[in-house]
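Each remark here refers to the structure printed beneath this line.
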Amino acid sequence: MAKIKPTQMSALCIAQPWATCIFNDGKNIENISRNINLRGTIAIYASQSYKKDRFEDCKEVYGVTHDFNSLPKGVILGFVDVVDVIMPNQENVPEKYLKWWQKFAYGMVLENVVMLKRPVEVNLPNGAVKFWHLKDEQLKNVLNEVTETQVQKFIEWEIPKSSTLSIEALKAKEKNELKNKIVPTEDWAEIVGFKPLTLKQIANKLIEYAEENELIRSESEEEGDEPIFFICADAKLEILFDQKKIYAYELAELLSVKVLKC
420 MAKIKPTQMS ALCIAQPWAT CIFNDGKNIE NISRNINLRG TIAIYASQSY
470 KKDRFEDCKE VYGVTHDFNS LPKGVILGFV DVVDVIMPNQ ENVPEKYLKW
520 WQKFAYGMVL ENVVMLKRPV EVNLPNGAVK FWHLKDEQLK NVLNEVTETQ
570 VQKFIEWEIP KSSTLSIEAL KAKEKNELKN KIVPTEDWAE IVGFKPLTLK
620 QIANKLIEYA EENELIRSES EEEGDEPIFF ICADAKLEIL FDQKKIYAYE
670 LAELLSVKVL KC
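This note's numbering numbers the first residue of the sequence shown as 420 and each following residue consecutively.
Here it is as structure tokens:
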């Protein structure tokens, strides 16, 4: 029996170029600041927020280049299935998700991308920031830009599912583990202990310390921005790192410099 077309669907507001990266560049993770139960097919909306530094970050951090003047905004680009959520600091995350996942963030796992034949301009409801509902005539206009076959493959929306990624991740064997262990200096031992550890283990201990002391923060400039996660250094960490903010994307590089130097 054929499915009936949905009359309402969750939509996710994402700034450019991140929205386009989902459809063109294999961006299979959307980093968010809280856990969600939402599963199933959702619409992706490219927000009106448009800043050049995001395009620069996309190129520098992820190696993906987009023309600042060419990407659409204020439109639905397509649909994607939310199939799971990676937890902050989760161990043994499958390698295919590591490029786009920020270690301190909740990572929405995105699969089964369906791009519209043409982007459809829609008006956000008042108060909409990250998630909102696409419905009525606007949803009808969007569904007209995909085939009937594609619609029939949509996963029933907003139905929480039991997590499968976490089970798979726990079973997966971590690859390329660093074999050489480091004996922490006295200053570092206050945070990670005296036991010899790999750089990865030191990073995990550091994150545990930050979580226990409520030092993890996030920031985003405008609607649709991915939150940027960082450790707000206390007095001990500020001495070790010589900076107040320790961003997730720079943690590995900082540790390789700061720890190996000791």
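Heads up, the beta-carbon is just placed ideally off N, CA and C, and yes, glycines get one too.
With a threshold of 16 other CB atoms inside 10 Å of the CB of residue i, please say whether the residue is buried or exposed.
{"i": "T604", "result": "exposed"}
{"i": "A667", "result": "buried"}
{"i": "L517", "result": "exposed"}
{"i": "N613", "result": "One detail in the question is off: residue 613 reads as Phe in this sequence, not Asn. With fewer than 16 Cβ atoms within 10 Å of its Cβ, F613 is classed as exposed."}
{"i": "A430", "result": "buried"}
{"i": "V480", "result": "exposed"}
{"i": "F487", "result": "exposed"}
{"i": "V602", "result": "exposed"}
Using DSSP with H/G/I as helix, E/B as strand and the rest coil, what is residue i?
{"i": "S675", "result": "helix"}
{"i": "K655", "result": "helix"}
{"i": "I448", "result": "strand"}
{"i": "K469", "result": "The displayed chain sequence assigns Tyr, not Lys, to residue 469. Here Y469 sits in coil by DSSP."}
{"i": "E564", "result": "coil"}
{"i": "W551", "result": "strand"}
{"i": "I665", "result": "strand"}
{"i": "K572", "result": "coil"}
{"i": "A588", "result": "Its pLDDT being 45, under 50, A588 is placed unreliably by the model, and the measurement read from it follows with that caveat. Helix."}
{"i": "Q427", "result": "strand"}
{"i": "L670", "result": "helix"}
{"i": "K515", "result": "helix"}
{"i": "V611", "result": "helix"}
{"i": "N595", "result": "Bear in mind that the predicted position of N595 carries a pLDDT of just 44, short of 50, making it unreliable; the figure below should be weighed with that in mind. Three-state result, N595: coil."}
{"i": "E638", "result": "strand"}
{"i": "E633", "result": "coil"}
{"i": "V483", "result": "coil"}
Note down the Cα distance separating residue i from residue j, rounded to an integer number of angstroms.
{"i": "N511", "j": "G497", "result": "30 Å"}
{"i": "S675", "j": "S489", "result": "38 Å"}
{"i": "E609", "j": "W437", "result": "39 Å"}
{"i": "I463", "j": "V502", "result": "15 Å"}
{"i": "T583", "j": "I505", "result": "Confidence at T583 is low in this model, with a pLDDT of 45, below 50, so the placement of that residue is unreliable and no value is reported for it."}
{"i": "L670", "j": "K572", "result": "40 Å"}
{"i": "N531", "j": "D606", "result": "47 Å"}
{"i": "L457", "j": "E630", "result": "25 Å"}
{"i": "A652", "j": "L543", "result": "38 Å"}
{"i": "R453", "j": "S637", "result": "11 Å"}
Is residue i near residue j, with beta carbons less than 8 Å apart?
{"i": "E449", "j": "M527", "result": "yes"}
{"i": "V561", "j": "I461", "result": "no"}
{"i": "D472", "j": "I574", "result": "no"}
{"i": "I665", "j": "F649", "result": "yes"}
{"i": "P646", "j": "A465", "result": "no"}
{"i": "V539", "j": "E564", "result": "yes"}
{"i": "E672", "j": "K663", "result": "no"}
{"i": "E553", "j": "N447", "result": "Per the sequence shown, the amino acid found at residue 553 is Leu instead of Glu. Not a contact, by the Cβ cut-off of 8 Å."}
{"i": "G493", "j": "Q467", "result": "yes"}
{"i": "K549", "j": "C432", "result": "yes"}
Can you tell me the Cβ-Cβ gap for residue i and residue j, rounded? I've got them flagged as a contact below 8 Å.
{"i": "K619", "j": "V611", "result": "With 8 Å as the limit, K619 and V611 do not qualify as a contact, their Cβ atoms being about 12 Å apart."}
Nearer than 7 Å: is that true of the beta carbon of residue i relative to any heavy atom of the ligand COA?
{"i": "L457", "result": "Of the ligands one can find in the structure shown there are none, so the ligand COA has no counterpart to examine."}
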